[in-house]
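A.B. asks:
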Amino acid sequence: TVTQQWGGAGLLKSQIAVPKEDFTDRLGRVVQSRTWGFDGTPVITQTAFTAQGYTASVARPRFQGAAPVWTFYDRDDIGRVNKIRSPAPDGSGYAETAYTYGGRVLSMVNAKGQSRIEERNVLGKLKSATDALGNVTTYVYDGFGNLVRTRDPKGNEIAIGYDALGRKTSLQDPDVGSVAYWVDPLGQTWKQRDAKAQETLFSFDALGRMVRRLEPDQDSRWEYDTAANGIGKLAQSYTWVNGAADVRRAMTYDAQGRLSGTELNLDWDYFTQTAYDGFGRANVQSYTRR
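Residue numbers (the numbering used here): 1 to 290.
1. Let's test the definition: count the other Cβ atoms within 10 Å of the Cβ of L234 and tell me whether it reaches 16, buried, or not, exposed.
2. Let me know the secondary structure DSSP gives P61 once reduced to three states.
3. Looking at C-alpha atoms only, which residue of G113, M108 and K112 is the closest neighbour of E119?
4. Throw me the rounded Cβ distance for the S57 and Y73 pair, which I believe falls under 8 angstroms.
5. In or out: S178 buried (at least 16 other Cβ within 10 Å) or exposed?
6. Below 7 angstroms CB to CB, which residues in the same chain sit around Q218 once its five sequence neighbours on both sides are set aside?
7. Can you tell me where the beta strand (DSSP E) holding N121 begins and where it ends?
8. Return the first residue and the last residue of the beta strand (DSSP E) that W70 is part of.
9. On a CA-only basis, which of A66, T55 and F23 is nearest T41? Give me that one, please.
10. According to the neighbour-count rule (16 or more other Cβ atoms, all chains shown, within 10 Å of its Cβ), is K164 buried or exposed?
11. Quick check on the DSSP output: the beta strand (DSSP E) that includes I158 runs from which residue to which?
12. Measure the alpha-carbon distance for I44 versus V30 and round it to whole angstroms.
13. I believe R167 touches G187 by the beta-carbon criterion, under 8 angstroms. Please report the beta-carbon distance rounded to the nearest angstrom.
14. Compute the Euclidean distance between the alpha carbons of Q172 and G161, then round it to the nearest angstrom.
15. How would you label A206, buried or exposed, when you count the other beta carbons within 10 angstroms and need 16 or more for buried?
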């Protein structure tokens, strides 16, 4: 149940209740879900599974009483999808997309005969992709599996640099230019400089949580542990403008440490509150503006 309330003279106050029901099989898998549309009509979705536990078919959301429209997934002997049959856009039966596996090469052909070929390296990472027009995009990795270079069909390249520990230190991109990163001994990026020589500084607390991000045009800050029942959790975040907090979001927690409310200060003050049932499940959310 979701309760939405807008305070203030002349403002609409309303309530929306949209429950959702999930029906599971003996293995705990959701095989049918039911929710309700704006006019109260039930909306159904369904999923069927194979004996091996793979998804066999999925029905599109439909109003209760309407015939299901299914998408089917055919698989090979080791569970890989080799064909997907989905309703054709023009309503004329089904459109098929076929998948063919050949070692580390995967070929895909859709109902229009358009193909895509993907080749992967021995680590399973994408090495090249070829589209229906024969255009090839390539990907290069270092010995640690980090992506170091991509090259598109027009010869544009993106290069990424790393230090000896595999932490990103540089980026060369035709769109954004050259970007440099500084990393501290804990692996935290504490400074970033873009192609315009503009710097962004990052600060962290002793637990590695970001507490400040200072950009050329904005100062963002985060505070932890100070909210009641909120040890180890975010207490508030805000932007700092002219010596005071500007846009601010504050959190509250219940006796079990669960998020029970947020307050967002913008042009108005927006409040979100969450209540839980006896099993610890969120069952009511209310939204208020004032």
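Yeah, the Cβ is synthetic: ideal placement off N, Cα and C, and Gly gets one too.
If you're wondering where the values come from, they're calculated on a predicted model, not measured in any experiment.
C.D. replies: A quick look at the data gives this:
1. As a position in the sequence shown, residue 234 is number 234, starting the count at 1. Flag for L234 reads buried.
2. Within the sequence shown, residue 61 is the residue found at index 61, counting from 1. In the structure shown, the three-state DSSP call for P61 is strand.
3. Looking up residue 119 in the sequence shown gives position 119. Minimum Cα distance to E119 is reached at M108.
4. On the sequence shown, residue 57 is found 57 positions in, with the first residue counted as 1. On the sequence shown, residue 73 is found 73 positions in, with the first residue counted as 1. Y73 and S57 do touch by the CB rule: their CB atoms are close to 7 angstroms apart, below 8 angstroms.
5. Taking the sequence shown and counting its residues from 1, one reaches residue 178 at position 178. S178 comes out exposed.
6. If you number the sequence shown from 1, residue 218 lands on position 218. Excluding sequence positions up to five before and after Q218, its CB lies within less than 7 angstroms of the CB of T239, all in the same chain and listed in chain order.
7. Reading the sequence shown from its first residue, position 121 is the one you call residue 121. Looking at the DSSP string, N121 is not in any beta strand (DSSP E), and its letter there is neither H nor E.
8. Walking along the sequence shown from the start, residue 70 turns up at place 70. Where W70 is concerned, the enclosing beta strand (DSSP E) stretches over W70 to R75.
9. Mapped onto the sequence shown, residue 41 falls at position 41. Taking only the C-alpha atoms, the option nearest T41 is A66.
10. Counting from one through the sequence shown, the residue named residue 164 turns up at place 164. Checking the sequence, you will find Ala at residue 164 rather than Lys. Its Cβ having fewer than 16 others within 10 Å, A164 is exposed.
11. Here residue 158 corresponds to residue number 158 of the sequence shown, with the count starting at 1. It spans E157 to Y162 - the beta strand (DSSP E) in which I158 sits, taken as one unbroken run.
12. For this step, residue 44 is matched to residue 44 along the sequence shown. For this step, residue 30 is matched to residue 30 along the sequence shown. Straight-line measurement puts the Cα of V30 at about 12 angstroms from the Cα of I44.
13. The count along the sequence shown starts at 1 and reaches residue 167 at position 167. The count along the sequence shown starts at 1 and reaches residue 187 at position 187. The pair is a contact, with the Cβ atoms about 6 angstroms apart (cut-off 8 angstroms).
14. On the sequence shown, residue 172 is found 172 positions in, with the first residue counted as 1. On the sequence shown, residue 161 is found 161 positions in, with the first residue counted as 1. Distance between the alpha carbons of Q172 and G161 is about 9 angstroms.
15. As a position in the sequence shown, residue 206 is number 206, starting the count at 1. Around the beta carbon of A206, fewer than 16 other beta carbons lie within 10 angstroms, which makes this residue exposed.
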